[in-house]
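Chemist: Just so you know, we're using our numbering here: the sequence shown kicks off at 29 and counts up by one. Beta carbons: idealized from backbone N, C-alpha and C, even for Gly.
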Amino acid sequence: MFATQQSLTVDTPQTTLDPPFDLVRILDSEKTVLEFESGKRDIETPLIEQEQYPENPREAITWLQYNAKEFSPYALASGNSRSVAALKIKGGAFARKKVRDGAPLVPAYFYGAQGCAGEEYTKEDEHAPLQLSARDFDKWDYEIGEDVVIIGGRSRNSRIIRVESKQAIVVGRNLTGDDATRQAAFDYLESEGYDVGEGGTSEKPPSPKIAGPPKRAGTIPSVQAPRTEAAALQQQAEQEGIDTLSHMERWQVACRVLGWGWEPAWDWFKEQFGADFDPDITQEQFRSVIEAFPEDYDHVERPSQP
């Protein structure tokens with residue numbers, strides 16, 4: 029009733045084994061079906077949990093959204109001072125025990141931001157987390173890829189406004205540069221029909237008062253005091269020549285200047301390269317940037333031909 033099964037070993041004397049190495053040693057090489065490995069296996073740490081700044085520029089952007097210094101709409105508030113930030117949401121809320129005592133954080137790209145203390149606390153063209161108070165987190169119902177303006181203060185009950193990408197860009201520009209002021213951002217939002225009063229949430233009214241189309245920069249301003257790596261590279265290109273930048277560094281600058289639009293970015297690169305400007309390569313690189321981060325450049329109109 030029972031059949032005897034042939035052993036996997038071939039002419040092997042019976043012996044006491046010391047697994048796993050003896051087991052592998054005595055099995056016939058043609059019939060071996062199991063392998064045993066010694067040593068520990070390396071477990072890859074998720075990108076956003078890595079301690080070191082990534083060398084790959086694309087990975088660095090994601091890493092910064094979770095690990096850069098967070099922007100707090102409530103920090104340094106005094107009296108009735110208010111903060112303003114224009115940003116694009118890049119991920120779902122998360123928390124870290126060692127950051128603001130585990131307060132909710134949202135990965136974001138900041139077009140521009142000024143804290144309650146004005147120029148003492150700013151963000152310009154930066155990827156970083158946005159801090160939310162418990163009250164703001166309770167009413168946070170915004171999706172990844174949406175653009176918002178958050179106006180905060182001592183009450184920690186911010187006014188959060190869902191805006192269009194073009195409007196977020198204009199607000200960001202009003203908050204950065206030598207002549208940046210929070211009041212300029214407030215004035216622009218009011219001209220677009222938004223209520224910038226303190227507290228609560230805000231959506232665009234059904235019949236807003238419109239004061240013309242959103243302002244767009246005709247030219248890209250020179251960098252005076254760079255706060256980001258991309259801004260520093262732009263300044264280097266303007267002062268020392270674009271040939272001092274590597275291919276990847278030029279790509280980083282393209283990521284920055286395309287925020288102003290295709291034509292301003294095109295004109296900037298054309299000015300930097302002069303007689304060496306190559307339209308085909310420039311168009312190819314611009315398209316690669318937009319295709320890599322489409323949600324960041326949905327406001328950019330791409331011409332079929334330059």
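Within 10 angstroms of its Cβ, does glycine 107 collect 16 or more other Cβ (buried), or is it exposed?
Modeler: exposed
Chemist: Do the region 172 to 192 and the region 100 to 116 make contact, defined as three or more Cβ pairs closer than 8 Å?
Modeler: yes
Chemist: CA-CA distance, valine 199 and histidine 327?
Modeler: 14 Å
Chemist: Within this structure, are the beta carbons of alanine 113 and isoleucine 178 separated by less than 7 Å?
Modeler: yes
Chemist: In terms of alpha-carbon separation, which member of Phe321, Ala123, Pro249 and Glu291 lies closest to glutamine 280?
Modeler: Phe321
Chemist: Using only the alpha-carbon positions, how far apart do glutamate 192 and arginine 315 sit?
Modeler: 22 Å
Chemist: Distance check for lysine 151 and aspartate 10, CA to CA, integer angstroms please.
Modeler: For residue 10 there is no data in the structure shown, the boundaries of the chain being 29 and 334.
Chemist: Hey, out of Ile188, Leu75 and Ala88, whose CA is closest to arginine 163's CA?
Modeler: Ile188
Chemist: Can you say whether alanine 303 is buried or exposed, counting buried as having 16 or more other CB atoms within 10 angstroms of its CB?
Modeler: exposed
Chemist: On the three-state DSSP scale, how would you describe arginine 184?
Modeler: coil
Chemist: With a threshold of 8 Å on Cβ separation, who are the neighbours of threonine 272 within its own chain once the five nearest residues in sequence on each side are excluded?
Modeler: Gln264 and Ala265
Chemist: In whole angstroms, what is the alpha-carbon distance linking isoleucine 270 and tyrosine 94?
Modeler: 31 Å
Chemist: Between Glu329, Glu268 and Ser274, which has its C-alpha nearest alanine 293's C-alpha?
Modeler: Glu329
Chemist: Are there 16 or more other CB atoms within 10 angstroms of the CB of isoleucine 309, so buried, or fewer, so exposed?
Modeler: Isoleucine 309 is exposed by the Cβ-count criterion.
Chemist: Does the beta-carbon distance from histidine 155 to isoleucine 248 come in below 7 Å?
Modeler: The answer is no: Cβ separation not under 7 Å.
Chemist: Just to confirm the assignment, what range does the alpha helix (DSSP H) spanning arginine 284 have?
Modeler: Per DSSP, arginine 284 belongs to the alpha helix (DSSP H) from 275 to 285.
Chemist: Cα separation between cysteine 144 and glutamate 83?
Modeler: 33 Å
Chemist: Would you list the one or two residues that DSSP bridges to lysine 116?
Modeler: Tyr137 and Asp175
Chemist: If I measure Cβ to Cβ from alanine 364 and keep anything under 6 Å in the same chain, skipping five residues before and after, which residues do I get?
Modeler: Only positions 29 to 334 of the chain appear in this structure, which leaves residue 364 out of reach.
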